[in-house]
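Asks: Numbering (our numbering), first residue to last: 6 to 95.
Below you can see the structure in the form of structure tokens.
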């Protein structure tokens, strides 16, 4: 039950990875989520800035045991919209 709840709260991160993969950006299995986000930001900070923010939220929820409260939900929604828009614009 606890793992299923965690998976539901972290589904946004998997959706983000799917979105990136559809545009040709795949995180290697050996690379940490944070290192992957930093690599993308180094390549194009404007285009991938949302990835870093979403990854930070992933870490807060997964490892910091922070709740998926309304402010975090709003940040996730905004970050996902921003990423989708920046990926579509190229």
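Ideal Cβ placement from N, Cα and C applies to all residues, glycine included.
1. Suppose the cutoff is 6 Å on Cβ atoms and the five residues either side in sequence are ignored; what does the same chain contact list for residue 56 look like?
2. Can you give me the start and stop residues for the alpha helix (DSSP H) that residue 39 sits inside?
3. Just checking, does the stretch 62-75 make contact with the stretch 88-95 on the three C-beta pairs under 8 Å criterion?
4. Judging by CA-CA distance, which residue of 85, 27, 71 is the nearest neighbour of residue 11?
5. What span of residues does the alpha helix (DSSP H) with residue 84 cover, start to end?
Replies: Put simply:
1. 42, 45
2. 38-48
3. no
4. 71
5. 75-93
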